[in-house]
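For reference, the structure discussed in these notes is given below.
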Amino acid sequence: MGTGATLPAQGGYAPSTPSYATGPRRRIGDVLIEAGVLTQGDLDRALEAQRSDTSGERRRLGEIISELGLASERQVAQALADVLAIQLVDLGGIVVSPEVARSLPRAVAERTGVFVVDKLSDGGLRVATSDPTNVLALDDVRLYTNAPRLEVLVATSSQIKEHLHRAWSLSEDNADVATVLEGISPDQDDAQEISGSIDDAPTVRLVNMVLSDAVRAGASDIHIEPQRDVLRIRYRIDGMLRDVMTVPRRAAPAVVSRIKITSGLDIAERRIPQDGRARISVDSRSVDTRISTMPSIHGEKVVIRLLMGAEQIKHLDSMGMDAEHLEKIRASMREPQGLMLITGPTGSGKTSTLYASLSEIVTPERNIVTLEDPVEIQIPGITQTQTNERAGMTFAKGLRAILRQDPDVVLVGEIRDGETAELALTASMTGHLVLSTLHTNSAVAALTRLVDMGIEPFLVASSLSCVVAQRLVRTVCASCARPDELSAEQVAALGLDPSSLDGATPRKGEGCSVCAGTGYRGRSGIYEVIEVTPSLRSVLLRDPSEHALAAAAEAEGFRSLRSSALALAAKGTTTFAEVARVVPRYA
Numbered sequence: 001m002g003t004g005a006t007l008p009a010q011g012g013y014a015p016s017t018p019s020y021a022t023g024p025r026r027r028i029g030d031v032l033i034e035a036g037v038l039t040q041g042d043l044d045r046a047l048e049a050q051r052s053d054t055s056g057e058r059r060r061l062g063e064i065i066s067e068l069g070l071a072s073e074r075q076v077a078q079a080l081a082d083v084l085a086i087q088l089v090d091l092g093g094i095v096v097s098p099e100v101a102r103s104l105p106r107a108v109a110e111r112t113g114v115f116v117v118d119k120l121s122d123g124g125l126r127v128a129t130s131d132p133t134n135v136l137a138l139d140d141v142r143l144y145t146n147a148p149r150l151e152v153l154v155a156t157s158s159q160i161k162e163h164l165h166r167a168w169s170l171s172e173d174n175a176d177v178a179t180v181l182e183g184i185s186p187d188q189d190d191a192q193e194i195s196g197s198i199d200d201a202p203t204v205r206l207v208n209m210v211l212s213d214a215v216r217a218g219a220s221d222i223h224i225e226p227q228r229d230v231l232r233i234r235y236r237i238d239g240m241l242r243d244v245m246t247v248p249r250r251a252a253p254a255v256v257s258r259i260k261i262t263s264g265l266d267i268a269e270r271r272i273p274q275d276g277r278a279r280i281s282v283d284s285r286s287v288d289t290r291i292s293t294m295p296s297i298h299g300e301k302v303v304i305r306l307l308m309g310a311e312q313i314k315h316l317d318s319m320g321m322d323a324e325h326l327e328k329i330r331a332s333m334r335e336p337q338g339l340m341l342i343t344g345p346t347g348s349g350k351t352s353t354l355y356a357s358l359s360e361i362v363t364p365e366r367n368i369v370t371l372e373d374p375v376e377i378q379i380p381g382i383t384q385t386q387t388n389e390r391a392g393m394t395f396a397k398g399l400r401a402i403l404r405q406d407p408d409v410v411l412v413g414e415i416r417d418g419e420t421a422e423l424a425l426t427a428s429m430t431g432h433l434v435l436s437t438l439h440t441n442s443a444v445a446a447l448t449r450l451v452d453m454g455i456e457p458f459l460v461a462s463s464l465s466c467v468v469a470q471r472l473v474r475t476v477c478a479s480c481a482r483p484d485e486l487s488a489e490q491v492a493a494l495g496l497d498p499s500s501l502d503g504a505t506p507r508k509g510e511g512c513s514v515c516a517g518t519g520y521r522g523r524s525g526i527y528e529v530i531e532v533t534p535s536l537r538s539v540l541l542r543d544p545s546e547h548a549l550a551a552a553a554e555a556e557g558f559r560s561l562r563s564s565a566l567a568l569a570a571k572g573t574t575t576f577a578e579v580a581r582v583v584p585r586y587a
């Protein structure tokens, strides 16, 4: 054993771990079918999702299988280990020296998905991969490292990504936060003095460290909050805020000013909120950011929203929808006209669903125009417009202008008032496919909300084609997932019939380094979808009350958000505790 890794007492490496070059080459899909993890139909579905992926990068099949819910990362890794007789390793229990991990150039490690765990006494390398059948990737590793041989271990994809991130994280240039802060001056109150330190190397390095680390950690937002004695920095990951670090209070003025100046804000104005945008580069890719500042009693608080690029737009198949929901949405998108609404609270994934739906119909034959506030993701092949209320460019005014631009498909970021709602519905009756969002708690409530806005029921009934309500639930960390059992008290608190749990396989995460001890990693959507059928239209015209519409929808097989969430918990994708947190008991 080399000196690169500290091994746990159990689950270490078998001395007989085979070299990757032994045995005939096999494909990962065939191995998973042999192991009974996938059916041929499952594999065909995953391969189709891989072929139709619009990210520009060929994503690994194992990741797609996990995203589609066909098998967990752990199941895939275990099956590969069993069939190929290769050691399965839990990287969460191993400490790997960054120097050892960096034996392989970062670009090669990320492209191949291979993580160097240890150096062997004969000059070989012990490596972990989520796909040991990818002989070409392993050949690249040996070529770049000049290793005489590789000993291959199997690990989950998320663990490998996490360890690659750590190896090149804040300590990448051998600088830590304490070292960086040594050069930051004490508190300054004068704007001229602060401006002199904005471009100082320590301030620049600290801000760059935070931005880069947040992007690599998959954060959606960065919160930089001055407290009485410290500057607190938190990331929002999987919808939850996590403390990342605190730095001395003296760093706050220069850090905030550095962020403001890069986003075109006035560093001398600290009494009123300001909003700006900036583009940063992390790991050779551009990331758009939206910056918001807010005065507080201890100084200006900054929230930075990290906006995903077009390459990050998900495929509808990978968003947690079941086949029935997918077909209803796609049927609506195939129509030449009509209005499809996505509803839910802020942060429920509405924009992601809109963009995923839109990306499936982008063709040279269609003129697609969007009206957003603001434009979050720039998509090639469509015309995107941003509202500007100060200049009089409201949703209603912008929509009127768009309808004079000969559009085939119109995306309206949000329906906020009756005027915009009526315009959207009218447009959907005159040969346009319209997509938009609405803030309601359920799909049925979206129907009554439009009527409450003053829209005539006949207009809603004749124009609306589909309503999707959604939430996001955290998914169980694949690296530390274990079987879970619900007590009688928990079953009662959830309002469940014990017999409904027959055959359920609930899981929970114990907490590990991959999920930062939370037991969750990633999120999945839960959905309820109403297709506006002729029978539902007749109810809408006769009695547009929420009770009557809900009864009509249920008669046609409508499944609520809560039932969708409970189904995910029953098969171990999320937990019942997470369902209780996100979805009301009587939703």
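The sequence shown finishes on residue 587 if you use full-length UniProt numbering, and the numbering steps up by one all the way, no holes.
Ideal placement from N, C-alpha and C gives every residue a C-beta, glycine not left out.
Arg521 vs Cys515 beta-carbon contact at 7 angstroms: The answer is yes: Cβ separation under 7 angstroms.
Residue environment, Lys119, which counts as buried when at least 16 other CB atoms sit within 10 Å: Answer is buried; the Cβ neighbour count reaches 16.
From which residue to which residue does the beta strand (DSSP E) around Lys508 run? Counting along the chain, the beta strand (DSSP E) containing Lys508 begins and ends at Arg507 to Gly509.
Is the region 321 to 334 close to the region 353 to 373, with three or more CB pairs under 8 angstroms? Verdict: yes, contact present.
Do you know offhand how far Ile237's Cα is from Val473's? A straight-line Cα-Cα distance of about 12 angstroms links Ile237 and Val473.
Who are the Cβ neighbours of Gln384 in its own chain at under 6 angstroms, not counting the five residues just before and after it? Sequence-distant Cβ neighbours of Gln384 in its own chain, meaning closer than 6 angstroms and more than five residues away, are Thr370 and Val375.
Residue(s) in a DSSP beta bridge with His223: His223 is bridged to Arg234 and Val303.
Just reading off the beta strand (DSSP E) that Leu433 is part of, what are its end residues? Following the DSSP letters along the chain, one finds Leu433 inside the beta strand (DSSP E) bounded by residues Leu433 to Leu438.
Proximity below 7 angstroms, CB of Glu162 to CB of Arg126: Cβ atoms of Glu162 and Arg126: not closer than 7 angstroms.
Does the beta-carbon distance from Ala107 to Ala167 come in below 7 angstroms? No; because the gap between Cβ atoms is not below 7 angstroms, this pair is not in contact.
By the 10 Å Cβ neighbour count, where 16 or more other Cβ atoms means buried, how is Phe576 classified, buried or exposed? By the Cβ neighbour-count rule, Phe576 is buried, with 16 or more other Cβ atoms within 10 Å of its own.
Can you grab the Cα-Cα spacing for the pair Met393 / Ile415, in whole Å? One Cα belongs to Met393, the other to Ile415, and the distance between them is close to 14 angstroms.
May I ask you to list the residues that DSSP assigns as paired with Ala469? DSSP output for Ala469 lists Thr343 and Glu528 as bridge partner(s).
Simplified DSSP assignment, three categories, for residue 606: Any answer about residue 606 is impossible in this case: the structure gives the chain only from 1 up to 587.
Report all residues from its chain with a CB closer than 6 angstroms to the CB of Arg482; omit the five preceding and five following residues, and keep chain order. So the list reads Glu510, once near-sequence residues are dropped.
Quick one: grab the DSSP three-state call for Pro202. In the three-state reduction of the DSSP assignment, Pro202 falls in the helix class.
CA-to-CA distance, Val444 to Thr518, given in whole angstroms: Note on geometry: alpha-carbon atoms of Thr518 and Val444 lie some 34 angstroms from one another.
Please look up how many angstroms separate the CB atoms of Gly123 and Ala147, rounded, as I've assumed it's under 8 angstroms. Taking a contact as a CB-CB distance under 8 angstroms, the pair Gly123 and Ala147 counts as one, their CB atoms being some 6 angstroms apart.
Proximity below 7 angstroms, CB of Pro132 to CB of Val154: With respect to Val154, Pro132 sits close: the two C-beta atoms are nearer than 7 angstroms.
Mapping DSSP to helix, strand and coil, what is Ile86? DSSP places Ile86 in coil when its eight states are reduced to three.
Tell me whether Met240 is buried or exposed, calling it buried when 16 or more other Cβ atoms sit within 10 Å of its Cβ. With fewer than 16 neighbouring CB atoms inside 10 Å of its own CB, Met240 falls in the exposed class.
Which partner residues does Val520 have in the DSSP bridge list? One point to set straight first is that residue 520 is Tyr, not Val, in the sequence displayed. As computed with DSSP, Tyr520 is found in a beta bridge with Val476.
Going by Cα to Cα distance, which pick from Ile222, Arg228 and Ile233 is closest to Arg290? The shortest Cα separation from Arg290 among Ile222, Arg228 and Ile233 belongs to Ile222.
Rounded straight-line distance, which links the Cα of Cys480 to that of Gly11: Note that Gly11 has pLDDT 33, beneath the 50 cutoff, so the model's placement of it is unreliable and the number below is only indicative. Cα to Cα, Gly11 sits roughly 14 angstroms from Cys480.
Quick test of the definition: if touching needs 3 or more C-beta pairs under 8 angstroms, does the region 498 to 505 touch the region 298 to 306? Taking a cut-off of 8 angstroms on C-beta distances, the region 498 to 505 does not touch the region 298 to 306, as fewer than three cross pairs fall below it.
How big is the Cα-Cα spacing for Ala493 and Arg449? One C-alpha to the other measures close to 31 angstroms.
Between which two residues does the alpha helix (DSSP H) holding Ile28 run? Counted as a single uninterrupted DSSP element, the alpha helix (DSSP H) harbouring Ile28 occupies residues Ile28 to Glu34.
Beta carbon of Leu61 nearer than 7 angstroms to that of Gln75: Between Leu61 and Gln75, the CB-CB gap reaches or exceeds 7 angstroms.
Close beta carbons around Arg279, own chain, < 6 angstroms, minus the five adjacent residues each side: Its chain contains Ser286 and Asp288 as the residues whose beta carbon lies nearer than 6 angstroms to that of Arg279, once the 5 sequence neighbours on both sides are disregarded; these appear in chain order.
Per DSSP, what kind of secondary structure is Phe576 in: helix, strand or coil? The DSSP-derived three-state label of Phe576 is helix.
By Cβ distance, which residues of its chain are closer than 7 angstroms to Val532, with the 5 residues on each side in sequence left out? These residues qualify, in order along the chain: Leu464, Ser465 and Cys466.
For the beta strand (DSSP E) containing Met245, list its first residue and its last residue. Judged by DSSP secondary structure, Met245 falls within the beta strand (DSSP E) whose first and last residues are Met240 to Pro248.
Minimum C-alpha distance to Leu68 - residue among Ser292, Glu34, Val583 and Arg523: When C-alpha distances from Leu68 are compared across Ser292, Glu34, Val583 and Arg523, the shortest belongs to Arg523.
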